[in-house]
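These notes concern the structure reproduced below.
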Amino acid sequence: MIIPVVMAGGSGTRLWPMSRSLYPKQFLSLLNDATMLQDTCGRLAGLETNAPMVICGEDHRFTVAEQLRTLNAGSNGKIVLEPAGRNTAPAVALAALQATRDNDSDPLLLILAADHAITNVDAFQVAVKKAAAHAETGKLVTFGIVPTGPETGYGYIRQGDVEGDAYQIAEFVEKPDQDTAEKYLSSGNYVWNSGMFMFKASRYLEELKKHRPDMLAACEQSMSNATEDVDFVRPDKEAFLACPDDSIDYAVMEPLCSDAASGHAVVVPLDCGWSDVGSWSALWDVSTKDDNGNALHGDVLTHDTRNSYIRSDSKLVATIGLDNVIVVESDDAIMIASKDRVQDVKKIVEQLKQAERSEAQLHRKVYRPWGFYDSIDNGDRFQVKRIVVKPGGKLSLQMHHHRAEHWIVVSGTAEVTKGEEVFLVSENESTYIPLGVTHRLFNPGAIPLEMIEVQSGSYLGEDDIVRFEDTYGRG
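In terms of full-length UniProt numbering, the sequence shown is residues 1 to 475.
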């Protein structure tokens, strides 16, 4: 039995302005109509695996659940909510403990990142089958990407003795400088460290106990007190906060490789058009390009423009006389950069965070478990939102201290709770929610409910919400 474990944490700041901390790159459609999380789960089709287990944070739980539901990949799968970011080693420990708790057998865990791109799915699946054969014997397997150039942005793995269709791992090495990377490439003995793994759940826990017993103890305590609600497994937060922060490489794989005689760690070479999509230039690398070397997405017109990535989310973007640039337009921000300076995008995000600007965290369109809202206009003492509630979606029973709301139904039917009243509001009808009145919005229909909300008051922040009841367990 193979259980894919998809790591869906992280903020993806290097792909700002599309990627924001509350809606990072793994939930975006960057290469096709599917999101990166959906692509990761979709490329498992054809392999004999169970439903994927996804590890994510509290802030992303409903996004993960909805995207898996849309893909029909969530049936019987678990969504484990990591109480805090502690790197990959503890996250995988939570997954291994959950897997052994759910299954009588000792399953193989296939550890994947939700934000990697793979263009050759057949080659990926062949490598997974090779890795499974080694993992069944008790090996801890990692996947090494066959390098296509002297890349300085990745860690490397030095391959040791041949072991069937894999290699024993001789050494993990850090990101090299240019000269060292060129030597690695010419030697033919090095592969990129992909951060993907496969091993038996019990073997990972065994090695973690040997090399990081403090980490395993914290994770075991956290899972022993875990609770489950709706689609989610919630490890105990207090116990997990005592867990050290470390990666699988440092906590398990490198110590395992230091015992050269053990032969318990192997690497399967993988040549599959892989990218971690860690920057806009990396996304340009794996995107389809026109005859001028441009990757164009959305409503874009170009003249005398070459070797560039240009993306429009909501407006017409026109470029003239540009070469080797990145232009990204989102609903509330525009980013323009030289393609060889895209690593500095994170410095812009740091400035946004220091200024406490919402553009570091949120898009104008914000997804909720019941649907989404789009803040289409705002000014002094007013804000206008387009609200879409999916069929059966229900907002929390709530009230506001500082604002009143006017609701206008554009399409569909709204069931409105206002104080002690419950009534229907149909297309082209409206209602008014006074300041301080308890209210709720529900879509009882079979089609999405679309409405315009006009807020007015002295304070319009999203934290001016007092929730009394909530279908989705939000406090």
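Every residue, glycine too, gets a C-beta built ideally from N, C-alpha and C.
Quick check: the Cα distance between residue i and residue j, rounded to an integer number of angstroms?
| i | j | result |
| --- | --- | --- |
| Glu420 | Phe442 | 15 Å |
| Asp464 | Phe199 | 47 Å |
| Ile145 | Gly188 | 12 Å |
| residue 504 | Gly371 | A query on residue 504 cannot be resolved here, the shown segment of the chain reaching from 1 to 475 and no further. |
| Ala242 | Arg474 | 25 Å |
| Arg212 | Tyr204 | 11 Å |
| Ser456 | Asn32 | 39 Å |
| Glu462 | Leu322 | 40 Å |
| Tyr23 | Gly164 | 42 Å |
| Val410 | Val425 | 10 Å |
| Glu356 | Leu362 | 12 Å |
| Asp39 | Gln343 | 25 Å |
| Arg61 | Leu81 | 7 Å |
| Tyr432 | Gly379 | 20 Å |
| Ile3 | Pro235 | 19 Å |
| Thr319 | Trp274 | 30 Å |
| Thr438 | Leu395 | 12 Å |
| Ile334 | Tyr459 | 27 Å |
| Val327 | Val454 | 33 Å |
| Val54 | Asp231 | 11 Å |
| Gly445 | Ser202 | 47 Å |
| Gly436 | Met399 | 6 Å |
| Asp304 | Ser29 | 28 Å |
| Ala135 | Thr417 | 56 Å |
| Thr100 | Glu329 | 45 Å |
Any idea if residue i is buried or exposed, counting beta-carbon neighbours within 10 angstroms, 16 or more meaning buried?
| i | result |
| --- | --- |
| Thr119 | exposed |
| Glu350 | exposed |
| Leu108 | buried |
| Arg86 | buried |
| Leu316 | exposed |
| Asn50 | buried |
| Thr227 | exposed |
| Gln159 | buried |
| Gln98 | buried |
| Leu78 | Per the sequence presented here, residue 78 reads as Lys, with Leu not at that position. That one is buried. |
| Met1 | exposed |
| Pro369 | buried |
| Ile157 | buried |
| Glu174 | exposed |
| Pro434 | exposed |
| Ser308 | buried |
Where do the N-terminal and C-terminal ends of the beta strand (DSSP E) with residue i fall, by residue?
| i | result |
| --- | --- |
| Ala414 | Ala414 to Lys418 |
| Ala295 | Ala295 to His297 |
| Asp245 | No beta strand (DSSP E) holds Asp245; DSSP gives it neither H nor E. |
| Glu228 | Thr227 to Asp229 |
| Phe232 | Phe232 to Arg234 |
| Asp464 | From DSSP, Asp464 is part of no beta strand (DSSP E); its letter is neither H nor E. |
| Thr13 | Careful: Thr13 lies outside any beta strand (DSSP E) and carries neither H nor E. |
| Tyr154 | Segment: none, Tyr154 is in no beta strand (DSSP E) and carries neither H nor E. |
| Met399 | Leu397 to Met399 |
| Lys315 | Counting along the chain, Lys315 falls outside any beta strand (DSSP E), and DSSP gives it neither H nor E. |
| Phe124 | No beta strand (DSSP E) holds Phe124; the alpha helix (DSSP H) holding it covers Val121 to Glu136. |
| Arg61 | Run containing Arg61: none in the beta strand (DSSP E); it sits in the alpha helix (DSSP H), Arg61 to Leu71. |
| Leu441 | His439 to Phe442 |
First and last residue of the alpha helix (DSSP H) that includes residue i?
| i | result |
| --- | --- |
| Asp285 | Trp280 to Val286 |
| Tyr309 | Segment Tyr309 to Ser312 is the beta strand (DSSP E) holding Tyr309; no alpha helix (DSSP H) there. |
| Gln98 | Thr88 to Asp102 |
| Glu450 | Where Glu450 is concerned, there is no enclosing alpha helix (DSSP H), although the beta strand (DSSP E) it sits in stretches over Leu449 to Gly457. |
| Leu301 | Note, Leu301: premise wrong, no alpha helix (DSSP H); beta strand (DSSP E) at Val300 to His303. |
| Pro213 | Pro213 to Ser224 |
| Ala404 | Unbroken run through Ala404 is the beta strand (DSSP E), Arg403 to Ser411; no alpha helix (DSSP H). |
| Pro255 | Glu254 to Ser258 |
| Lys175 | From DSSP, Lys175 is part of no alpha helix (DSSP H); its letter is neither H nor E. |
| Gln383 | Element bounds for Gln383: not the alpha helix (DSSP H) but the beta strand (DSSP E), Phe382 to Val389. |
| Thr40 | Met36 to Gly42 |
| Lys347 | Val345 to Gln354 |
Rounded to the nearest angstrom, how far is the Cβ of residue i from that of residue j, given a contact under 8 Å?
| i | j | result |
| --- | --- | --- |
| Asp177 | Thr152 | 6 Å |
| Ile376 | Val384 | 5 Å |
| Gln125 | Gly195 | Contact flag wrong, Cβ pair sits at about 18 Å. |
| Asp331 | Arg306 | Their Cβ separation, rounded to whole angstroms, is 27 Å, which puts Asp331 and Arg306 out of contact at 8 Å. |
| Leu37 | Val6 | 7 Å |
| Asp271 | Ala123 | 6 Å |
| Lys347 | Ser281 | Contact flag wrong, Cβ pair sits at about 16 Å. |
| Cys56 | Ile169 | Actually they are not in contact, since the Cβ atoms of Cys56 and Ile169 sit about 29 Å apart, beyond 8 Å. |
I'd like to know whether the C-beta of residue i is nearer than 9 Å to at least one C-beta of chain D.
| i | result |
| --- | --- |
| Gln67 | The chain inventory of the structure shown lacks chain D, comprising one protein chain alone. |
Any 3 or more C-beta pairs closer than 8 Å across the stretch 110-124 and the stretch 3-15: yes
The stretch 263-273 touching the stretch 215-230, judged by at least three CB pairs closer than 8 Å: no
Contact the stretch 281-289 vs the stretch 236-254: 3+ CB pairs below 8 Å: no
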